[in-house]
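Trainee: Take a look at this one; I'll ask things after.
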Amino acid sequence: MTKRHFVIAIDGPSGVGKTTVSKRVATALGYRYVDTGAMYRSLAVAANAAGVDVESDVRLNDYCARVVVSYDGQGNMLLDGVDYSDRIRTEDAGALASITSAKTPVRDLLVACQRMLGREGNVVMEGRDIGTVVFPDADVKIFLDASHDVRAARRHNELAQKGGGAVSDVSKKLAERDKRDTQRQNSPLKAAPDAVVIDTGSLDIDGVTARILEIIKERIGR
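Heads up, the sequence shown is in our numbering, so the first residue is 848 and it goes up one at a time.
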């Protein structure tokens, strides 16, 4: 039987354009778009707002065991009925997520949610471990990358529009985030062996999107 439902995994560190590119790819294919980074950020912000010590495995385990996860009509994740999506696009939220995402209780909960969302297929899922952990058998695996300087400049430009800090501060936080993400024991950030690695530093958003769509067409004929 010909397969009709596909999973496209797009991974990579901060500042490579994952979100914009993944949304464009999903729109071009008519697929559902899932931002797993937003899920980790939302849970981190929600736990912190609830007074949970995000450094504590025990406290996070208790929180993850009792929090109710649901989704609204737009596909946004709700935690105990609250949508945190308007509070997660800050450096502080990213730092919190980098801490909590390394914790086993958090990963177990959210990976299960991500697999549920992708089970029906025809989904473009972006994150840091989609092709290695969440869907190691994804039909197409893309890993976006760029130099530290390029990514820091992009993050600074994004944050500057929201009153963010200096490039040096953004660069330092990005380096710290990279270190946590790549060196954590639980699902470290890395490209899957069979992923196609794309350097986004030498391409604009349109170029990256076009390249990914070419790869998808080559792999699954879409």
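Using N, Cα and C, we set each Cβ at its ideal position, and we do this for glycine too.
1. If distances are taken between C-alpha atoms only, which option among 1007, 1027, 1064 and 962 comes closest to residue 881?
2. For the alpha helix (DSSP H) containing residue 863, list its first residue and its last residue.
3. DSSP on residue 950, reduced to helix/strand/coil?
4. Between the C-alpha atoms of residue 935 and residue 994, what's the straight-line distance to the nearest angstrom?
5. Does residue 892 come out as helix, strand or coil in the three-state DSSP assignment?
6. Tell me which same chain residues have a C-beta within less than 8 Å of the C-beta of residue 1122, skipping the five on either side of it?
7. Any idea what DSSP makes of residue 917, helix, strand or coil?
8. CB residue 863 to CB residue 1047, shorter than 7 Å?
9. Quick one: is residue 887 buried, meaning 16 or more other Cβ sit within 10 Å of its Cβ, or exposed?
10. Who are the near neighbours of residue 894 in its chain, counting only those whose CB is closer than 7 Å to its CB and skipping five residues on each side?
11. I'd like to check one pair, residue 945 with residue 879: are the Cβ atoms closer than 7 Å?
12. Determine the burial state of residue 1054: buried for a count of at least 16 other Cβ atoms within 10 Å of its Cβ, exposed for fewer.
13. For residue 976, which option in 921, 990, 904 and 960 has the closest C-alpha, if you only look at C-alpha atoms?
Mentor: Answer, in terms of the structure:
1. 962
2. Note, residue 863: premise wrong, no alpha helix (DSSP H); not H, not E.
3. coil
4. The C-alpha of residue 935 lies about 24 Å from the C-alpha of residue 994.
5. If DSSP states are grouped into helix, strand and coil, residue 892 belongs with the helices.
6. This structure cannot settle anything about residue 1122, because the visible part of the chain is limited to 848 through 1069.
7. strand
8. yes
9. Within 10 angstroms of the beta-carbon of residue 887 lie 16 or more other beta-carbons, which makes it buried.
10. 901, 907, 910 and 947
11. For residue 879 and residue 945, no; Cβs fall outside 7 Å.
12. exposed
13. 990
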